[in-house]
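Here the structure is laid out as structure tokens; the discussion comes afterwards.
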Amino acid sequence: MALEYFYREPENVLCVKVKVPVVLADEDITVMVDNIAHLPELAQKVDHIDARLQDFRVRPLFVHEDGNNWISIIEEEGWERFGWGHPEGRLPVVKKIMIEGTLHKQIFYVNRDNDVRHFAEDIPFSESVTLADPAPVVDEDDVYGEIWEKKIDMRWSLRGGSRLSQTGEMTFRVKVVEDRQIWVQACPRLGQVCVKGRNILKDGGLENWGSDTDPLFWGATNVNRNGDVVYEGSYSAELGGTGDNQGLLNSALFQTVDINGGFEYRLCWYVRENAGAEGASFNLLVELAFFDDDGNEITARREDLLPTQIPDDSFRRFCLDAVAPEDATSAVARFTFTPIGDNTSSVKIDNVTLECMRVGLYGTYYEERR
Numbered sequence: 024m025a026l027e028y029f030y031r032e033p034e035n036v037l038c039v040k041v042k043v044p045v046v047l048a049d050e051d052i053t054v055m056v057d058n059i060a061h062l063p064e065l066a067q068k069v070d071h072i073d074a075r076l077q078d079f080r081v082r083p084l085f086v087h088e089d090g091n092n093w094i095s096i097i098e099e100e101g102w103e104r105f106g107w108g109h110p111e112g113r114l115p116v117v118k119k120i121m122i123e124g125t126l127h128k129q130i131f132y133v134n135r136d137n138d139v140r141h142f143a144e145d146i147p148f149s150e151s152v153t154l155a156d157p158a159p160v161v162d163e164d165d166v167y168g169e170i171w172e173k174k175i176d177m178r179w180s181l182r183g184g185s186r187l188s189q190t191g192e193m194t195f196r197v198k199v200v201e202d203r204q205i206w207v208q209a210c211p212r213l214g215q216v217c218v219k220g221r222n223i224l225k226d227g228g229l230e231n232w233g234s235d236t237d238p239l240f241w242g243a244t245n246v247n248r249n250g251d252v253v254y255e256g257s258y259s260a261e262l263g264g265t266g267d268n269q270g271l272l273n274s275a276l277f278q279t280v281d282i283n284g285g286f287e288y289r290l291c292w293y294v295r296e297n298a299g300a301e302g303a304s305f306n307l308l309v310e311l312a313f314f315d316d317d318g319n320e321i322t323a324r325r326e327d328l329l330p331t332q333i334p335d336d337s338f339r340r341f342c343l344d345a346v347a348p349e350d351a352t353s354a355v356a357r358f359t360f361t362p363i364g365d366n367t368s369s370v371k372i373d374n375v376t377l378e379c380m381r382v383g384l385y386g387t388y389y390e391e392r393r
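In my numbering, each residue's number is its place in the sequence shown (first place is 1) plus 23.
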């Protein structure tokens with residue numbers, strides 16, 4: 024499948040003038056070349072003939088017609104994009120092509136002494152071919168022909184031991200092409216795009232665990248898998264300890280991902296308090312930190328959540344936005360649970376997403392094809 028993405032244009036775009044080949048005609052053509060050769064000595068038979076094309080070229084032949092006859096095609100194909108200015112007068116039209124070249128042959132034969140000998144011959148040829156669909160052109164100096172899928176079939180008949188009658192049937196595909204200049208929009212490299220709706224984090228739903236304390240795609244300290252209370256899916260991550268240690272342990276859950284500098288990102292998560300018997304007194308610090316190539320932290324967006332902000336009977340969604348510095352290459356999404364005093368409550372985290380929201384000043388993004 025081709026690499027594709029939809030692009031929402033910002034206010035300013037970079038346009039580049041390029042030259043692109045436009046196929047005017049695509050024809051399957053057969054050319055017959057007959058000739059008679061005389062062997063240098065008497066032969067019992069011709070064993071085989073190797074043949075190939077040399078000096079082959081396709082030359083377009085033009086006529087000049089009233090341009091008004093082709094206006095409908097010109098408008099349909101949008102020639103103004105190629106710099107065509109609707110000049111008055113006659114328009115070059117390619118109706119025929121001249122095919123020219125040399126058929127080079129190596130003829131292998133068996134002489135009267137049963138020795139295999141060979142000799143070479145070159146047969147020049149040319150043939151005019153009328154195109155099935157004539158095509159108007161912008162500039163006849165930019166029109167040329169290309170050959171594809173060459174095939175040569177040789178047939179022969181030996182008479183009198185030395186007179187060799189041959190027919191070469193050459194079949195190939197010819198394309199008549201015009202190089203046209205057009206302005207195109209230069210899109211960013213595919214590795215540096217902001218894709219709307221794509222979660223950059225791996226396993227943001229916290230569904231994959233190596234053990235009860237080891238989420239496969241996350242770094243974790245004092246984090247437990249919980250399958251009883253989830254926002255979505257089968258599992259959530261519980262920070263702060265469980266059982267006799269509930270609410271007593273410092274905990275951290277984090278993941279590092281590659282990002283692009285200058286892009287704006289949004290970190291969202293669902294959180295719920297697991298209320299303890301002795302009340303809640305803790306701090307949940309959520310961070311989105313950006314780092315350079317050397318692993319140095321450049322900047323970070325942080326948000327502290329207290330028990331009064333987190334419900335204990337349902338999950339609540341929180342988000343924070345941050346713009347990555349131009350020299351940032353990676354980001355860390357991190358949740359740090361810190362108990363205070365006689366806390367006995369823990370928190371559950373689920374459905375964490377990190378998405379790119381826009382690029383630069385104009386809020387551009389790309390929509391992934393699905």
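We treat Cβ as the ideally placed atom computed from N, Cα and C, and that holds for glycine.
Here the structure is a predicted model, which means the values were calculated and not measured.
- Around the beta-carbon of I120, 16 or more other beta-carbon atoms lie within 10 Å, marking it buried.
- For N134, the uninterrupted beta strand (DSSP E) run begins and ends at R113 to N134, by DSSP.
- Our two residues, H87 and P115, have alpha carbons roughly 4 angstroms apart in a direct line.
- Its Cα nearest to that of L308, the residue I333 stands out among V56, I333, A347 and E301.
- DSSP places Q269 outside both helix and strand once states are collapsed to three, so it counts as coil.
- Beta-bridge pairing by DSSP links K225 to no other residue.
- Taking a cut-off of 8 angstroms for Cβ pairs, the segment 235–251 and the segment 307–326 do not touch, as fewer than three such pairs fall below it.
- Around the beta carbon of M193, 16 or more other beta carbons lie within 10 angstroms, which makes this residue buried.
- With a cutoff of 7 angstroms on beta-carbon distance, C38 and C217 are scored as not near each other.
- Taking a C-beta distance under 7 angstroms as the contact criterion, Y254 and Y288 do not qualify as a contact pair.
- If you look at E64, you'll find it isn't in any beta strand (DSSP E); DSSP assigns it neither H nor E.
- Here the C-alpha atom of G256 lies approximately 20 angstroms from the C-alpha atom of S369.
- Here E172 is exposed, its C-beta having fewer than 16 other C-beta atoms within 10 Å.
- With respect to I122, E144 sits apart: the two C-beta atoms are not nearer than 7 angstroms.
- V139 is the residue among K40, V139, G220 and F79 whose C-alpha sits nearest the C-alpha of L65.
- The Cβ atoms of L47 and A158 sit closer than 7 angstroms to each other.
- Counting C-beta atoms within 10 angstroms of its own C-beta, P147 has fewer than 16 neighbours from the protein chains shown and is therefore classed as exposed.
- Cα atoms of L229 and R196: separation of roughly 56 angstroms, rounded to the nearest angstrom.
- It is roughly 16 angstroms from the alpha-carbon of D164 to the alpha-carbon of R80.
- Note on geometry: alpha-carbon atoms of K128 and L154 lie some 29 angstroms from one another.
- An exposed status is given to V207, since fewer than 16 other beta-carbon atoms sit within 10 Å of its beta-carbon.
- Each residue's CA atom was taken as its position, placing V56 and G191 some 5 angstroms apart.
- Collapsing the DSSP output to three states places N249 in a strand.
- Looking at the DSSP output, M193 shares a beta bridge with V54 and I175.
- For N283, the three-state secondary structure derived from DSSP is coil.
- Counted as a single uninterrupted DSSP element, the stretch harbouring V160 is not any beta strand (DSSP E), since DSSP gives it neither H nor E.
- In terms of Cα proximity to E296, the closest of V252, V375, I363 and S95 is V252.
- Sequence-distant partners of E201 (beyond 5 residues in either direction) whose C-beta falls short of 6 angstroms from its own C-beta, in its chain, are V45, L47, V160, D165 and V166.
- Taking the Cα positions, W179 is about 16 angstroms away from R75.
- For W232, the enclosing beta strand (DSSP E) covers residues W232 to S234.
- Contact between the segment 351–361 and the segment 276–286 is present: 3 or more CB-CB pairs across the two stretches fall below 8 angstroms.
- A60 and V69 have their C-alpha atoms spaced approximately 12 angstroms apart.
- Here W93 carries a helix assignment [DSSP, helix/strand/coil].
- Short of 6 angstroms from the beta carbon of K225, and not among the five residues preceding or following it, lie these beta carbons of its own chain, in chain order: F240.
- Per DSSP, reduced to three states, the secondary structure at E88 is strand.
- Contact check for I205 against V43 passes: the beta carbons are separated by less than 7 angstroms.
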